[in-house]
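Since the structure comes first, as structure tokens, the remarks are kept for the end.
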Amino acid sequence: QVNVPAIVVFLNKTDQLDDPELLEIVDLEVRDILNGYEYPGDNVPVVKGCAIHALENPDDEEAVACVQELLDAIDSYIPEPVREIDKPFLMPVEDVFSIKGRGTVGTG
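Note that UniProt numbering gives residue 27 to position 27 of the sequence shown, counting from 1, and the numbers run on in steps of one.
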């Protein structure tokens with residue numbers, strides 16, 4: 001799980017499928033994959049929709065409904081992270097670059 005305790009899945013481009021049964025098969029396969037990675041595949045929210053339709057038609061309630069459903073799933077399923085404010089600040093540094101005339105920059 002690479003320290004990712006919870007996950008929400010968005011199946012995009014559902015407008016390109018003609019067969020709703022195929023979408024259900026993909027849903028089941030995604031849940032099997034999640035179970036293989038030790039996520040509770042049966043409980044993980046899987047939202048289906050078309051993101052480009054929502055972006056191109058922000059006034060179309062039907063097009064935007066999938067994005068709203070995704071946001072609701074994230075809000076309800078992903079727990080708020082616990083902030084450890086009593087510990088010192090820790091920033092991982094991945095790389096350091098020396099910029100001539102500017103100094104050293106750490107990135108992470």
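Heads up, the beta-carbon is just placed ideally off N, CA and C, and yes, glycines get one too.
In this structure, the straight-line span from the alpha carbon of E29 to that of I99 is close to 48 Å. Taking C-beta atoms under 8 Å as the contact rule, T14 and G49 qualify, at a distance of about 6 Å. Under a 10 Å Cβ-count criterion, A63 is classified as buried, with 16 or more other Cβ atoms of the shown protein chains found around its own Cβ. Shown here, I52 sits in a helix according to DSSP, grouped into three states. Separation of the CB atoms of V8 and V44 is rounded to 7 Å, and the pair is thereby assigned contact status at 8 Å. By the neighbour-count definition (other C-beta atoms within 10 Å, threshold 16), V105 is an exposed residue. The alpha-carbon of V4 is positioned some 37 Å away from that of R102. Contact between L70 and V96 does not hold, since the beta-carbon distance rounds to 38 Å and is not under 8 Å. For D95, DSSP records a beta bridge to T107.
About 5 Å separates the beta carbons of A51 and N12, which is inside the 8 Å limit, making them a contact pair. A straight line joining the alpha-carbon of V93 with that of D27 spans about 38 Å.
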